[in-house]
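Visitor: This is the structure I have questions about; it appears just below.
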Amino acid sequence: MTAHPLFDIGGRTALVTGSSRGIGLALARGLAEAGCTVVLNGRDPDRLAEAASELPGDRVRTAAFDVTDGPAVAAGIADVEERVGPLDILVNNAGMQLRAPLLEFTDADWHRILDANLTSAFLVGREAARRMTERGHGKIVNICSLQSEVVRPGIAPYAATKGALKMLTKGMCADWGPHGVQVNGLGPGYIETELTRPLVDDEEFSAWVRRRTPAGRWGRTEDLVGALLFLASPAADFMGGQILYVDGGMTSVL
Ligand code: NAP
Numbered sequence: 061m062t063a064h065p066l067f068d069i070g071g072r073t074a075l076v077t078g079s080s081r082g083i084g085l086a087l088a089r090g091l092a093e094a095g096c097t098v099v100l101n102g103r104d105p106d107r108l109a110e111a112a113s114e115l116p117g118d119r120v121r122t123a124a125f126d127v128t129d130g131p132a133v134a135a136g137i138a139d140v141e142e143r144v145g146p147l148d149i150l151v152n153n154a155g156m157q158l159r160a161p162l163l164e165f166t167d168a169d170w171h172r173i174l175d176a177n178l179t180s181a182f183l184v185g186r187e188a189a190r191r192m193t194e195r196g197h198g199k200i201v202n203i204c205s206l207q208s209e210v211v212r213p214g215i216a217p218y219a220a221t222k223g224a225l226k227m228l229t230k231g232m233c234a235d236w237g238p239h240g241v242q243v244n245g246l247g248p249g250y251i252e253t254e255l256t257r258p259l260v261d262d263e264e265f266s267a268w269v270r271r272r273t274p275a276g277r278w279g280r281t282e283d284l285v286g287a288l289l290f291l292a293s294p295a296a297d298f299m300g301g302q303i304l305y306v307d308g309g310m311t312s313v314l
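Be aware that the sequence shown starts at 61, since it is given in the working numbering, and climbs by one per residue.
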């Protein structure tokens, strides 16, 4: 049995930011398995080379640049398009978490998390969309979060960035949709990665996640791949500004 042609993204070129590990690497693997040429991104070239060696096929490339640095992003996207080819798919995935009570949160950390989780999507998205809108097609998927909708004590700044990323997704859709670029978001629930390691290792918190999630478990990075492939495919050509939550049902229940 073959997949429906609406889901065929073979031959496309995709950039996944923050893909040296965790969710980004799993999403990049999914795109590679679906027949895309995939560009991995992160700040550490050695880590990227190691990650690239783990992916299947011979169409995996790397591009090391800091997604919070405007000039580096402009040069990075120009270099990717010249070296690898025109981007059909961009996944804005790079991000970070800083957990601290809001009263103790420093100015520096506030700006750091905003830069990493929100400004990055603006900078990389704008640079890619300048080219995609000119060509009249493209898919951008912003990795939002369960925390685009809900929050718990100690992560207010993170939730603020992810809530804003949801609205940036809708705004990108408004500006770039008329030029053939579909922009949507993917909202993971609690997924086991380096970013959530302290929570996974906290048995009490971990048990709370399992109890609170209708699926009864933590998410795995692979759980997110199907939703990404859908949003990156022609099957989602009439979808814009939507956030697809892949959270084991957590945002649906009290
Ligand atoms: P992770 O394991 O910490 O990986 C983060 C990735 O981003 C790494 O590859 C890191 O590489 C890269 N990165 C960080 N800052 C960067 C920068 N300034 N420039 C370029 N690359 C940068 O995190 P994750 O759990 O996979 O999370 C990925 C995304 O999913 C994030 O946006 C996160 O907010 C979101 N998310 C995660 C969860 C979860 O439960 N894990 C849930 C909802 C949403 P280098 O450090 O080498 O640069």
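Glycine included, C-beta positions come from ideal geometry on N, C-alpha and C.
Give the single residue among Lys-199, Thr-281, Phe-125 and Ala-112 whose Cα lies nearest to the Cα of Ala-83.
Guide: Against the sequence shown, residue 83 aligns to sequence position 23. First, the amino acid is wrong: residue 83 is Ile here, not Ala. Ranking the options by Cα distance to Ile-83, first place goes to Thr-281.
Visitor: Are the Cβ atoms of Ala-138 and Gly-78 separated by less than 7 Å?
Guide: Along the sequence shown, one-based indexing puts residue 138 at 78. Along the sequence shown, one-based indexing puts residue 78 at 18. No.
Visitor: What's the call for Pro-248, buried or exposed, on a 16-neighbour Cβ count within 10 Å?
Guide: Position 188 of the sequence shown holds residue 248. Residue burial is scored here from C-beta neighbours: Pro-248 has at least 16 other C-beta atoms within 10 angstroms and is therefore classed as buried.
Visitor: According to DSSP, is Arg-121 part of a helix, a strand, or is it coil?
Guide: In the sequence shown, counting from the first residue as 1, residue 121 sits at position 61. In the structure shown, Arg-121 sits in a strand (DSSP, three-state: E or B).
Visitor: Does the stretch 228-247 come into contact with the stretch 200-210, if we say contact requires no fewer than three beta-carbon pairs (one atom in each stretch) closer than 8 Å?
Guide: yes
Visitor: Hey, is Thr-221 close to ligand 1, as in C-beta under 6 Å from one of its heavy atoms?
Guide: The residue you call residue 221 lines up with position 161 of the sequence shown. For ligand 1, not one heavy atom lies less than 6 Å from the Cβ of Thr-221.
Visitor: Can you determine whether any heavy atom of ligand 1 sits closer than 6 Å to the C-beta of Asp-283, and answer yes or no?
Guide: In the sequence shown, residue 283 corresponds to position 223, counting from 1. Answer for Asp-283: no, Cβ out of range of ligand 1.
Visitor: Looking at the strands, I want to know which residues DSSP matches up with Gly-247.
Guide: By one-based count along the sequence shown, residue 247 stands at place 187. Answer is Tyr-305.
Visitor: Checking 7 Å against the spacing of the C-beta atoms, do Val-76 and Ala-88 come in under that value?
Guide: For this step, residue 76 is matched to residue 16 along the sequence shown. For this step, residue 88 is matched to residue 28 along the sequence shown. Contact: yes.
Visitor: Between Asp-262 and Lys-199, how many whole angstroms is the CB-CB distance? I'm expecting something under 8 Å.
Guide: Position 202 of the sequence shown holds residue 262. Position 139 of the sequence shown holds residue 199. Not really, about 36 Å apart at Cβ, beyond 8 Å.
Visitor: Scan the stretch 230-292 and note each continuous beta strand (DSSP E) run of 3 residues or more that stays entirely inside, going in chain order.
Guide: Counting only runs of 3 or more, we get 241-248.
Visitor: Enumerated in chain order, which unbroken segments of the beta strand (DSSP E) with a length of 3 residues or greater are wholly contained in the stretch 94-164?
Guide: The stretch 94-164 contains these whole beta strand (DSSP E) runs: 97-102, 120-124 and 149-152.
Visitor: Does the stretch 121-134 come within contact of the stretch 177-194, defined as at least 3 CB pairs closer than 8 Å?
Guide: The stretch 121-134 is in contact with the stretch 177-194.
Visitor: For Val-201, which three-state DSSP category applies?
Guide: Your numbering for residue 201 matches position 141 in the sequence shown. Of the three classes helix, strand and coil, the one that applies to Val-201 here is strand, per DSSP.
Visitor: Just to confirm, are Tyr-218 and Gln-302 a CB contact at a threshold of 7 Å?
Guide: Taking the first residue of the sequence shown as position 1, residue 218 is located at position 158. Taking the first residue of the sequence shown as position 1, residue 302 is located at position 242. Their beta carbons are not under 7 Å apart, which means Tyr-218 does not touch Gln-302 by this criterion.
Visitor: Which residue wins for smallest C-alpha separation from Arg-172, given the options Glu-209, Leu-150, Asp-126 and Val-144?
Guide: For the purposes of this step, residue 172 is taken as residue 112 along the sequence shown, with counting starting at 1. The shortest Cα separation from Arg-172 among Glu-209, Leu-150, Asp-126 and Val-144 belongs to Asp-126.
Visitor: By alpha-carbon positions, which one of His-239, Ala-295, Leu-291 and Phe-298 ends up nearest to Tyr-305?
Guide: In the sequence shown, the residue the question calls residue 305 occupies position 245. Nearest C-alpha to Tyr-305: Leu-291.
Visitor: Please classify Asp-104 as buried or exposed, where buried requires at least 16 other C-beta atoms within 10 Å of its C-beta.
Guide: Against the sequence shown, residue 104 aligns to sequence position 44. Exposed, since its Cβ has fewer than 16 Cβ neighbours within 10 Å.
Visitor: What residues in its chain sit with their C-beta under 8 Å from that of Pro-116, if we drop five residues either side in the sequence?
Guide: As a first step, residue 116 must be located in the sequence shown, where it is residue number 56. If we look at Pro-116 and ignore the five residues flanking it on each side, its Cβ neighbours are Arg-89, Ala-92 and Glu-93.
Visitor: Between Pro-274 and Ser-312, what straight-line distance do the alpha-carbon atoms span, to the nearest angstrom?
Guide: On the sequence shown, residue 274 is found 214 positions in, with the first residue counted as 1. On the sequence shown, residue 312 is found 252 positions in, with the first residue counted as 1. Whole-angstrom Cα-Cα distance: 9 Å.
Visitor: Which partner residues of Ala-176 appear in the DSSP bridge assignment?
Guide: Taking the first residue of the sequence shown as position 1, residue 176 is located at position 116. Within the DSSP secondary-structure output, Ala-176 pairs in no beta bridge.
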